[in-house]
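Student:
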Amino acid sequence: MRSSALALLALVVPATVCGLDGDGLAEDDGVTDVRNHCVACHSPQLIIQNRGSANRWRELIRWMQAEHGLWPLRPQVETAIVTYLARNYGPDERSRRKPLAPELMPPLPGPTPRASK
Amino acid sequence: MAEHASRRAFLKRLAALIGAPIVFGEFLPAGMLPVALAKASTGPYPTEKDRGLVTLNDRPLSVETPAHLLDDRVTPAERLFVRNNGTPPLKPDAAGWRLAIDGEAVRESRTFSLTELRDQFEPVSQQLVLECGGNGRHEFQPPATGNQWTIGAVGCPAWDGIRLRDVLQACGVRENAVYIGFHAADRHLSGDPRRDAISRGVPIARALEPESMLAFGMNGHPLPLEHGYPLRLVFGGAPGSTSGKWVQRISVRDRVHDGAKMGGQSYRVPCKPISPGEVVEDDALCIIEAMPVKSLVTRPQSGTLYKRAVPLPVRGHAWCGASAVARVDVSIDFGQRWHPAILEPPVNRHAWQQYAAEVTLPTEGYYEVWARATDGDGRAQPMVVPGWNPRGYLNNACHRVAIRAI
């Protein structure tokens, strides 16, 4: 039981964690609809850098339909897109000021750290 | 589809020019050119941007500069952030370029060639801060939609051109003038030719300030393509979106300009402060007219190791959209104690100012160097993220860099 669950994980985890296509969008149900309807006008980077709840993503779709010429979406297509976005690009943890980003951090104390000057 | 096809054709032409195929050319961000061709570029070509810059979005292009690459007093073109709203003109024709001045509140509508602008108006060169209204957006919670700028959507090049005031006054500004609005040659992302990608402006009083410019050049060279070649507006200290690029028409309006990205939530914040995530109606939002007091630590570079117990020089820039910066203080203990820095005056109004200080890291361990600028009215940078707003503008929380003392 346990080993078969692990075997299943081994199959599933690389596909979801490492499954980034060339355009950077996470490979998951709904990504084809996102490519067809969202990336037709703007870069996938506009999606990837943002975070939001299902409601927030739906608001953005309405806004793009009202203001920026996005065409009407069939309900099942819209649901697939919103579900995909909320699952893969959902809200981040809240903070008034987060720790500095990992790429801005100095190395942790090691056995032989060397000063830059 | 058509854009892809023409892009492929464009890359093919480039390959012919430099005599070699452009490997991975399809992955070049739109508006960027391969190094071999961009080397010689002034004028209608994009800059060869410093490789340290970070691309947040490739369509439309948004690129920001890490703090340590903003150390220059005068920001070089290769280190200046880019924020496009639409698709820039591919090959603007300077010889045929025209600037029209019109609008309800102009006495005489006129059109100028670039040569006429150069010949008829006094040349000026000024260092003016250009900062995106959304610089710092990435820190807002709940998240605000848009380019997730960290700290690098700012720069202070020396702009070469003429005063907008001189051109407007040559046409005559009526008493009923309220605002100016620009129209430019970049195309809306949807490709719809009837829509402006962006059409913003400033109040008439700001347009008539002597520092408000129509620029042909930057740092002694023609404007690079992505920075508005052959003609742009520059309003130092106002949200960058007011400094229209590829400008073809300026309307003197008898009302607040109502062009693309003037209304709704664009470049507006709640007139009265709201709580994070609170719903606010569009009519309760006010236009941002000046960027708040702010500073950057450009040395040391975040992530560096330094020796403890020896002086560590700290330096950077400070600026304020509405006035000058009165003082800068630095802290190495998370804002518990502040040490005054030496602050230089600006070279001209709306230029950033340089500061320098020395700190000593007393023990081994993790430190953050913080800088806090205070403007002439006593307003200092907050240490946490300031007032939440739906689009995440005006984050002027003090800059932090991380250092380990060994």
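Top to bottom, those sequences are chains A and B.
All letters in the first sequence, in the order written, are residues 1 to 117 by the numbering used here.
All letters in the second sequence, in the order written, are residues 1001 to 1406 by the numbering used here.
Cβ coordinates follow ideal geometry from the N, Cα and C atoms, glycine included.
Does DSSP put Asn-1057/B in a helix, a strand or coil?
Tutor: Note: Asn-1057/B maps to strand in three-state DSSP.
Student: What does the alpha-carbon distance come out to for the pair Pro-72/A and Ile-47/A?
Tutor: If I take the Cα positions, the gap works out to 19 angstroms.
Student: Mapping DSSP to helix, strand and coil, what is Met-1/A?
Tutor: For Met-1/A, the predicted model reports a pLDDT of 39, less than 50, meaning its position is unreliable and no value from the coordinates is stated.
Student: Residue range of the alpha helix (DSSP H) that Leu-1168/B falls in?
Tutor: Note, Leu-1168/B: alpha helix (DSSP H), 1164-1171.
Student: How about Pro-1313/B: is its C-beta nearer than 7 angstroms to some C-beta of chain A?
Tutor: No - not a single Cβ of chain A is within 7 angstroms of the one on Pro-1313/B.
Student: Which chain B residues are close to His-42/A, counting only those with a beta carbon under 7 angstroms from its beta carbon?
Tutor: Ordered by position in chain B, the residues that pass the 7 angstroms Cβ test against His-42/A are Arg-1059 and Leu-1189.
Student: Given a threshold of 16 other Cβ atoms within 10 Å of its Cβ, counted over all protein chains shown, does Asp-1160/B qualify as buried or as exposed?
Tutor: Classification of Asp-1160/B: buried, given that the 10 Å Cβ count is 16 or more.
Student: Hey, does Pro-1046/B have any beta-carbon neighbour from chain A nearer than 7 angstroms?
Tutor: No - not a single Cβ of chain A is within 7 angstroms of the one on Pro-1046/B.
Student: When you compare only the Cα positions, how much space is there between Val-1384/B and Ser-1266/B?
Tutor: About 23 angstroms.
Student: Going by beta carbon distance, what residues of the same chain come within less than 7 angstroms of Arg-1349/B, once the five residues before and after it are set aside?
Tutor: Here the set comprises Glu-1211.
Student: Use the C-beta contact count for Trp-89/A: other C-beta atoms within 10 angstroms, 16 or more gives buried, fewer gives exposed.
Tutor: According to the sequence provided, residue 89/A is Tyr. The question's Trp does not apply to it. Tyr-89/A is buried by the Cβ-count criterion.
Student: Which of the three DSSP states is assigned to Tyr-89/A in this structure?
Tutor: Tyr-89/A: coil per DSSP, three-state reduction.
Student: Between the segment 1327-1345 of chain B and the segment 1390-1397 of chain B, can you find at least three pairs of beta-carbon atoms closer than 8 angstroms?
Tutor: Contact between the segment 1390-1397 of chain B and the segment 1327-1345 of chain B is absent, because fewer than three Cβ pairs lie under 8 angstroms.
Student: Along the chain, which unbroken stretches of the beta strand (DSSP E) at least 3 residues long are found entirely within the segment 1264-1351 of chain B?
Tutor: DSSP runs (the beta strand (DSSP E)) wholly in the segment 1264-1351 of chain B: 1268-1270, 1285-1287, 1294-1299, 1304-1306, 1311-1319 and 1325-1331.
Student: When the Cα atoms are used, what is the spatial distance from Tyr-1179/B to Val-1247/B?
Tutor: Going from the Cα of Tyr-1179/B to the Cα of Val-1247/B covers about 16 angstroms.
Student: By the 7 angstroms beta-carbon criterion, what residues does the segment 80-96 of chain A contribute toward chain B?
Tutor: Answer in chain order: Pro-91, Asp-92, Arg-94, Ser-95 and Arg-96.
Student: In the DSSP assignment, what residue or residues form a beta bridge with Glu-1131/B?
Tutor: Note: Glu-1131/B sits in a beta bridge opposite Val-1154/B and Pro-1239/B.
Student: If the cut is a Cβ gap below 7 angstroms, which residues of chain B does Arg-51/A touch?
Tutor: Correct list: Pro-1143.
Student: Check the Cβ of Val-1384/B against every Cβ in chain A and list those closer than 7 angstroms, keeping chain order.
Tutor: Those are Arg-96 and Arg-97, listed as they occur along chain A.
Student: Per DSSP, which residues does Phe-1182/B bridge with? Please list them.
Tutor: According to DSSP, Phe-1182/B bridges with Ile-1250/B.
Student: Just tell me which of Ala-1207/B, Tyr-1366/B, Leu-1233/B and Arg-1174/B has its CA closest to the CA of Gly-1217/B.
Tutor: It is Leu-1233/B.
Student: Hey, Ala-1318/B and Tyr-1367/B: beta-carbon distance below 7 angstroms or not?
Tutor: For Ala-1318/B and Tyr-1367/B, no; Cβs fall outside 7 angstroms.
Student: Could you tell me the distance, in whole angstroms, from the CA atom of Glu-1059/B to the CA atom of Ile-61/A?
Tutor: First, the residue type needs correcting, since residue 1059/B is Arg and not Glu in the sequence shown. Near 18 angstroms, if we compare the C-alpha coordinates of Ile-61/A and Arg-1059/B.
Student: Looking at chain B, which residues of the segment 65-76 of chain A have a Cβ within less than 7 angstroms of any of its Cβ atoms?
Tutor: Within the segment 65-76 of chain A, the residues whose Cβ lies closer than 7 angstroms to some Cβ of chain B are His-68 and Gly-69, listed in chain order.
Student: Please confirm if the segment 1152-1167 of chain B is in contact with the segment 1120-1130 of chain B, defined as three or more CB-CB distances below 8 angstroms between the two stretches.
Tutor: Judged by Cβ distances under 8 angstroms, the segment 1152-1167 of chain B makes contact with the segment 1120-1130 of chain B, as three or more pairs qualify.
Student: Where does Ile-1198/B fall in DSSP's three states?
Tutor: Reduced to three states, the DSSP call for Ile-1198/B is coil.
Student: Considering only their Cβ atoms, is the gap separating Pro-1239/B from Ile-1198/B smaller than 7 angstroms?
Tutor: No, Cβ-Cβ distance for Ile-1198/B and Pro-1239/B is not below 7 angstroms.
Student: Taking C-beta pairs closer than 9 angstroms, name the residues in chain A that Ile-1403/B reaches, listed in chain order.
Tutor: Within 9 angstroms Cβ-Cβ: Pro-106.
Student: Determine the chain A residues that contact Leu-1056/B at a beta-carbon separation under 8 angstroms, and present them in chain order.
Tutor: Under the 8 angstroms cutoff, chain A gives Gln-45 and Gln-49.
Student: Counting only beta-carbon atoms, is Gln-1148/B nearer than 7 angstroms to chain A?
Tutor: With 7 angstroms as the cut-off, Gln-1148/B counts as an interface residue toward chain A.
Student: Going by CA-CA distance only, name the one from His-1221/B, Cys-1320/B and Asn-1147/B that's closest to Ser-43/A.
Tutor: With distances taken between Cα atoms, Ser-43/A lies closest to Asn-1147/B.
Student: If you reduce the DSSP assignment to three classes, tell me which class Trp-63/A lands in.
Tutor: Of the three classes helix, strand and coil, the one that applies to Trp-63/A here is helix, per DSSP.
Student: Under three-state DSSP, which class holds Val-82/A?
Tutor: Val-82/A falls in the helix class under three-state DSSP.
Student: Is Ser-1241/B close to chain A? Criterion is C-beta to C-beta, closer than 7 angstroms.
Tutor: Answer no: the Cβ-Cβ gap between Ser-1241/B and chain A never drops below 7 angstroms.
Student: Leu-60/A versus chain B: which residues are under 9 angstroms apart at the beta carbon?
Tutor: What Leu-60/A touches in chain B: Thr-1145.
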